[in-house]
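Colleague:
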Amino acid sequence: MHAGEAPHTPGTPVVSPLYQSTSYVLEPGKSDDLLYPRYGNTPNADVVQKRLAALEKAESCVLTSSGMGATACALLALLRPGDHLLASRWIYGGTHKLLTDEFATLGIDVTLVDPLESRGWRKRMRKETRAVFLESPVNPTCRVVDLRPVSYLTQEIGLALVVDSTFASPINFRPLEHGADVVIHSATKYLNGHHDVLGGAVLGTAPYIEEVRQKMIVWGQAPDPFACWLLERGLKTLDVRVQRQNENAMRIAQWSTQRKEVKAIHYPGLPSHPDHEVATLQMDGFGGMLGLELSGGGRAADRFIRKLRLIRHAPSLGGVDSLISEPRHSSHTHLTQEERTKVGIPDGFLRISVGIEDADDLIADMEQALH
Ligand SMILES: Cc1ncc(COP(=O)(O)O)c(C=O)c1O
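Numbering (our numbering), first residue to last: 1153 to 1523.
(1) Considering only DSSP beta bridges, list what F1285 is partnered with.
(2) Determine whether the beta carbon atoms of I1243 and W1407 lie at a separation below 8 Å.
(3) I think T1281 touches H1346, with their Cβ atoms under 8 Å apart; what is that distance to the nearest whole Å?
(4) Answer with buried or exposed for R1451, where buried requires no fewer than 16 other C-beta atoms within 10 angstroms of its C-beta.
(5) Closest to L1382 by CA distance: which of K1341, V1414, N1398 is it?
(6) What does a CB cutoff of less than 6 Å around A1239 pick up in its chain, not counting 5 residues either side in sequence?
(7) Note the first and the last residue of the continuous beta strand (DSSP E) segment covering Y1262.
(8) What residue range does the beta strand (DSSP E) around H1418 cover?
(9) From which residue to which residue does the beta strand (DSSP E) around G1356 run?
(10) Since C1294 contacts H1418 with CB under 8 Å, what's their CB separation in whole angstroms?
(11) With DSSP as the reference, label R1278 as helix, strand or coil.
(12) Take Q1307 as the anchor and find which of L1328, R1396, A1453 has the nearest alpha-carbon.
(13) Using 8 Å as the threshold, is the C-beta distance between T1194 and P1420 below it?
(14) With DSSP as the reference, please indicate the residues paired to T1216 in a beta bridge.
(15) Is the beta carbon of G1156 less than 8 Å from the beta carbon of V1199?
(16) May I ask which residues mark the beginning and end of the beta strand (DSSP E) holding L1446?
(17) If distances are taken between C-alpha atoms only, which option among V1414, L1355, G1259 comes closest to A1521?
(18) Which two residues bound the contiguous beta strand (DSSP E) that contains R1503?
(19) Between which two residues does the beta strand (DSSP E) carrying I1497 extend?
What follows is the structure, given as C-alpha cells:
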C-alpha cells in the first residue's frame, strides 16, 4: 500500500496529489533533472513504479500506456533485426499479432512453441535466439506454465525469460522468484482493478528497465498522470480484491463441477485441472479467472450470456465487477477457428473474470441463466 509514497511528515496529504502538468520548471543550465510525463519520471508515475517494483520484488519498473505497449517496449529493448524469439503458443491474441505480424517486419524471427511438447523449447533454440516469452496463467484457458524447466534452460544459455503475469497479479505469482528476468503486466486488469484505466508495466533489473524506458520515450508509450494516479489508488486494495476474487472463483469452480450442463470447467484450483500441481507449487493463489464450456456448445454459450443479469458480457478482466466474454469474439479474434481449437479455445468457450461480489449472488445468477 505504501511503497514509494512521500515520507509521513505533518502536513503531507494522505492521498498523493494529481500532478496534471506536462511541464516542470527547470534550473537554468541543467538538463538531467528534466521532468516530462512522456519520460515516465513525473511524480504520479514515479510512486506507482516504486510500488510495483516492491510488489514484484524487482529492482525497477517502468509504466506504459497499455499492456501491449509494455510487451512491445519490453521485447524491443531485448531484440534487434536478425534476432530470434521463442514464444509460447499460449498467449493473448493481441500479443500473438504483435509477435507474428509486426516483429516479422522488423526482421525479428519468432517461433511459437507448444509448452506441452517435451523439450520443445530446447529443440527450437537457435544461435540467434535472444529471449523466451511466455504467459502464465494463460488467457483464456487458465493453463499454468511450469517456469522451472524453462528457466533452467534460459539461465544455462544466458537468454532473457520474459513472463506476462497479467492473469495472476503479484499477489498470486511473482515470476522473478521463479527464474524469470522480466515481468510484464497489463495494468488495465488486476493492478488497477476498476475497469477505468488503460496501462501496462515492465519490471526487471535497473539497467534493463532504463533501456525499456528509452524505447517507451521514443515510441511514445508513456501513461498520462491521471492514469497513474488512478492506478496508485487501485493498488491500495490489490491484496484484498485479489484474495476475494480467488475465493469467489474457487466457489464458482466447485459449484460448476456439480452441474450437468457444464461440460468442462478450467480452473487451476481444482485438483482435476491438468496444472493443479504446478499452480500449487508456483502460485500463492489460483486467481479469479475461469474457463467454462457448456454441453450445448457455442449456441448454448450465447444463450447463457444473454440470460445473465449480474455478470455482464464485456471484454477485459481483473476488475471488481464480474465479466463474461467469448474469446472467439474478443481476445482471440486474430486467430482462425482452427488455431483457437489448437490452443484449447473451442467455439463456445466462455471466459469469466470473477469480481468481488457476493459469491452466492454470482452462483444464483449463473443458476438462473442455466435454468
Ligand atoms: C494476458 C494479457 N496480456 C496483455 C494484454 C494487453 O493489455 P492492454 O489491453 O492493457 O494493452 C492483455 C489484454 O487483454 C492480456 O490479457
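For every residue, glycine included, the Cβ atom is placed at its ideal position computed from N, Cα and C.
Owing to the predicted nature of the structure, the values given are computational and were not obtained by experimental measurement.
Modeller: A quick look at the data gives this:
(1) Along the sequence shown, one-based indexing puts residue 1285 at 133. Note: F1285 sits in a beta bridge opposite A1239, V1314.
(2) Counting from 1 along the sequence shown, the entry for residue 1243 is found at position 91. Counting from 1 along the sequence shown, the entry for residue 1407 is found at position 255. Annotated as distal: I1243 and W1407, with beta-carbon spacing of 8 Å or more.
(3) In the sequence shown, residue 1281 corresponds to position 129, counting from 1. In the sequence shown, residue 1346 corresponds to position 194, counting from 1. Not quite, the Cβ-Cβ distance comes to about 39 Å (not below 8 Å), so this is no contact.
(4) In the sequence shown, residue 1451 corresponds to position 299, counting from 1. With fewer than 16 Cβ atoms within 10 Å of its Cβ, R1451 is classed as exposed.
(5) Here residue 1382 refers to the residue found at position 230 of the sequence shown. The residue with the shortest Cα to Cα distance from L1382 is K1341.
(6) Position 87 of the sequence shown, counted from the start, is the residue given in the question as residue 1239. Excluding residues within five positions, the ones whose Cβ falls inside 6 Å are L1251, V1262, L1264, F1285.
(7) Position 110 of the sequence shown, counted from the first residue, corresponds to residue 1262. Per the sequence presented here, residue 1262 reads as Val, with Tyr not at that position. Element bounds for V1262: 1261-1265.
(8) Along the sequence shown, read from residue 1 onward, the residue named residue 1418 stands at position 266. Residues 1414-1418.
(9) Counted from its first residue, the sequence shown places residue 1356 at position 204. Looking at the DSSP string, the run of the beta strand (DSSP E) that includes G1356 is 1352-1356.
(10) Counting from one through the sequence shown, the residue named residue 1294 turns up at place 142. Counting from one through the sequence shown, the residue named residue 1418 turns up at place 266. Contact holds; Cβ gap of about 5 Å.
(11) The residue given as residue 1278 occupies position 126 in the sequence shown. Coil, per DSSP.
(12) The residue labelled residue 1307 in the question sits at position 155 within the sequence shown. It is L1328.
(13) As a position in the sequence shown, residue 1194 is number 42, starting the count at 1. As a position in the sequence shown, residue 1420 is number 268, starting the count at 1. Not closer than 8 Å, so no.
(14) Within the sequence shown, the letter at position 64 stands for residue 1216. For T1216, which the question treats as bridged, DSSP gives the partners G1352.
(15) Here residue 1156 is taken as the residue at index 4 of the sequence shown, counted from 1. Here residue 1199 is taken as the residue at index 47 of the sequence shown, counted from 1. Yes, Cβ-Cβ distance for G1156 and V1199 is below 8 Å.
(16) To locate residue 1446, count along the sequence shown from 1; it is residue 294. 1441-1446 is the span of the beta strand (DSSP E), which, as asked, contains L1446.
(17) By one-based count along the sequence shown, residue 1521 stands at place 369. Checking every option, the nearest Cα to that of A1521 belongs to V1414.
(18) What you label residue 1503 is simply residue 351 of the sequence shown in a count that begins at 1. 1502-1505 is the extent of the beta strand (DSSP E) around R1503.
(19) For this step, residue 1497 is matched to residue 345 along the sequence shown. Unbroken run through I1497: none, as it is neither H nor E.
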